[in-house]
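Its first residue numbered 1, the sequence shown is counted upward by one per residue in the UniProt record's numbering. What follows is a set of notes on a single structure, which appears directly below.
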Amino acid sequence: MLDGARERGGSGIRRRYVHGLAALLALLALTAPPEPPVESAETPCAPAGRSDSATGPSPHAADTLDPQRAAEFERRLRARSLPQGAGNPASGLTVVPVAVHVISAEDGSGDLDRATVGAQLELMNTAYSGGRGGADTGFRFRLVDVTRTQREAWFTNLTARSETVTGELRTGGPETLNLYTANLGGDVLGHATFPQEYAENATADGVMVDYRTMPGQGWERFGRGMTAVHEVGHWMGLFHTFQNGCSAPGDYVDDTPYEREPARGCPAERDTCPDRRGKDPVTNIMNYSDDACLTHFTPGQGERMAQHWSAFRA
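Here is the structure:
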């Protein structure tokens, strides 16, 4: 639950989100349609204060928050004095300004058009409003800027050059979502920072996704735009549904069932924590299931996002 990225590996794609990403191998521009990422046994998203999704020799370890780090983030959240109901969806909608930074190669690869960017924002608004079958989180997203940068070195391995890129392109304060698209390198689908990390490194704050995960951009199982939706969940303070496995406090959200490990594909009726209530939340957006399987946030996740917004981003 604290991760925010996706990766692909030898047997499938996974999402994982973590802080402090290790440099990943750059991918060469593909001349044929890219092969869909493969799933792996590890989670594919990472926040490093980032959350990533990746496959490969333990790439998830760096991106997923360990229990101690997750507990520290929770301590920081509780240390904030929150007015009763502040930021709660019941008190009205919160509109998040979004700056999208499109990074492309010299041959034009990755140069997403305005329609693709618009489709991604539309999907985010649908998911966060409950339009895919879940709870209305009370958050909406408004596009305020689109920048375009054609630079081969940035495009082919954005993850490894993230500090340089964000240092030059990031705009706005803690309330502005900066979304970067490029070829992330290695098997990473995306990664994000957590709200608690803004005070440590404001320049790094934001979400990065591989351009092929944007709507209609090539990856059949992970090319419907849900990587960005998932990563933004981390940016808003959510952990993976499988955070802490079957052990308390799980993902720190009362209404998401415990889950021992991330889901792959869309395994209906899976129950990896039989001694805990409920089946695995395989369709929850903070899981690692295929894009087509991910449908919803819970009311508790919406409340947790509101708490983080009031504490760190408002």
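Beta carbons: idealized from backbone N, C-alpha and C, even for Gly. Just so we're clear, the structure is a prediction, and the values are computed from it rather than from any experiment.
Problem set entry | Reduced DSSP secondary structure (H/G/I, E/B, other) of Gly167 | Residue 167 sits at position 167 when you count from the first residue of the sequence shown. Note: Gly167 maps to helix in three-state DSSP.
Problem set entry | Coil, strand or helix - Met214 by DSSP | As a first step, residue 214 is located in the sequence shown; it is residue number 214 there, counting from the start. Met214: coil per DSSP, three-state reduction.
Exercise. Would a C-beta distance cut-off of 9 Å place His296 and Gly133 closer than the cut-off?
Worked result: The sequence position of residue 296 within the sequence shown is 296, counting from 1. The sequence position of residue 133 within the sequence shown is 133, counting from 1. In this structure, Gly133 lies closer than 9 Å to His296 by Cβ.
Exercise. Beta carbon of Val209, beta carbon of Thr227: below 9 Å?
Worked result: For the purposes of this step, residue 209 is taken as residue 209 along the sequence shown, with counting starting at 1. For the purposes of this step, residue 227 is taken as residue 227 along the sequence shown, with counting starting at 1. Yes, they are a contact pair.
For this session: Kindly indicate the opening and closing residues of the alpha helix (DSSP H) around His296.
Result: Walking along the sequence shown from the start, residue 296 turns up at place 296. Here His296 belongs to no alpha helix (DSSP H), and DSSP marks it neither H nor E.
For this session: Output the distance between the C-alpha atoms of Ala32 and Gly218, rounded to the nearest integer angstrom.
Result: In the sequence shown, residue 32 corresponds to position 32, counting from 1. In the sequence shown, residue 218 corresponds to position 218, counting from 1. Since pLDDT at Ala32 reaches only 39, below the 50 mark, its modelled position is unreliable, and no value is offered.
Problem set entry | contact_flag[the region 146-155, the region 244-264] where n(CB pairs < 8 Å) is 3 or more | no
For this session: For the region 125-196, list the alpha helix (DSSP H) runs that are entirely contained and at least 4 residues long, ordered along the chain.
Result: 152-156, 162-169
Exercise. What's the call for Val229, buried or exposed, on a 16-neighbour Cβ count within 10 Å?
Worked result: In the sequence shown, counting from the first residue as 1, residue 229 sits at position 229. The residue in question, Val229, is buried, as its Cβ has 16 or more Cβ neighbours within 10 Å.
Exercise. From Arg264 to Arg270, what distance separates their C-alpha atoms?
Worked result: Locating residue 264 in the sequence shown gives position 264, where the first residue counts as 1. Locating residue 270 in the sequence shown gives position 270, where the first residue counts as 1. When rounded, the distance between both Cα atoms is 11 Å.
Problem set entry | Sheet register partners of Met208 (DSSP bridge) | Residue mapping note: residue 208 aligns to position 208 of the sequence shown, counting from 1. In DSSP, Met208 forms a bridge with Tyr180, His191.
Exercise. Just how far apart, CA to CA, sit Arg304 and Leu112?
Worked result: Working through the sequence shown from its first residue, we reach residue 304 at position 304. Working through the sequence shown from its first residue, we reach residue 112 at position 112. If I take the Cα positions, the gap works out to 32 Å.
Problem set entry | Outcome for Glu200 when other beta-carbon atoms lying within 10 angstroms are tallied against a minimum of 16 | The residue you call residue 200 lines up with position 200 of the sequence shown. Looking at its Cβ environment, which holds fewer than 16 other Cβ atoms inside 10 Å, Glu200 is exposed.
Exercise. Which residues in the same chain as Thr94 place their Cβ atom closer than 7 Å to its Cβ, once the five residues preceding and following it in sequence are excluded?
Worked result: Reading the sequence shown from its first residue, position 94 is the one you call residue 94. Closer than 7 Å at Cβ, skipping near neighbours: Gly87, Gly138, Phe139, Trp309.
Exercise. Near Arg76, which residues of its chain fall below 6 Å by C-beta distance, leaving aside the five closest residues on each side in sequence?
Worked result: Locating residue 76 in the sequence shown gives position 76, where the first residue counts as 1. The answer, listed in chain order, is Gln196.
Problem set entry | Close-in-space but distant-in-sequence residues of the same chain around Thr203 (CB under 7 Å, 5 per side omitted) | Residue numbering aside, residue 203 sits at position 203 when the sequence shown is read from its first letter. These residues qualify, in order along the chain: Thr166, Gly167, Arg170.
Problem set entry | Own chain residues within Cβ distance below 7 Å of Gln68, not counting five before or after | Your numbering for residue 68 matches position 68 in the sequence shown. For Gln68, where only same-chain residues beyond five positions count, there are no Cβ hits under 7 Å.
Exercise. From Phe222, Leu143, Ala70, pick the residue whose C-alpha is nearest to that of Val188; which is it?
Worked result: Residue numbering aside, residue 188 sits at position 188 when the sequence shown is read from its first letter. Ranking Phe222, Leu143, Ala70 by Cα distance to Val188 puts Phe222 first.
Exercise. If you pair each beta-carbon of the region 107-124 with each one of the region 174-188, do three or more pairs fall below 8 Å?
Worked result: Cβ pair count under 8 Å is three or more, so yes.
Exercise. How big is the Cα-Cα spacing for Arg250 and Leu238?
Worked result: Counted from its first residue, the sequence shown places residue 250 at position 250. Counted from its first residue, the sequence shown places residue 238 at position 238. Residue identity differs from the one stated: residue 250 is Gly in this sequence, not Arg. Distance between the alpha carbons of Gly250 and Leu238 is about 12 Å.
For this session: For Pro267, collect the residues of the same chain with a Cβ closer than 7 Å to its Cβ; drop the 5 residues on either side in sequence, then sort them by chain order.
Result: For the purposes of this step, residue 267 is identified with residue 267 of the sequence shown, where counting begins at 1. Correct list, in chain order: Val282.
For this session: Classify Glu163 as buried or exposed, calling it buried when 16 or more other Cβ atoms lie within 10 Å of its own Cβ.
Result: Within the sequence shown, numbered from 1, the residue matching residue 163 stands at position 163. Glu163 is exposed by the Cβ-count criterion.
Exercise. Quick one: is Phe312 buried, meaning 16 or more other Cβ sit within 10 Å of its Cβ, or exposed?
Worked result: Within the sequence shown, the letter at position 312 stands for residue 312. By the neighbour-count rule (16 or more Cβ atoms within 10 Å), Phe312 is buried.
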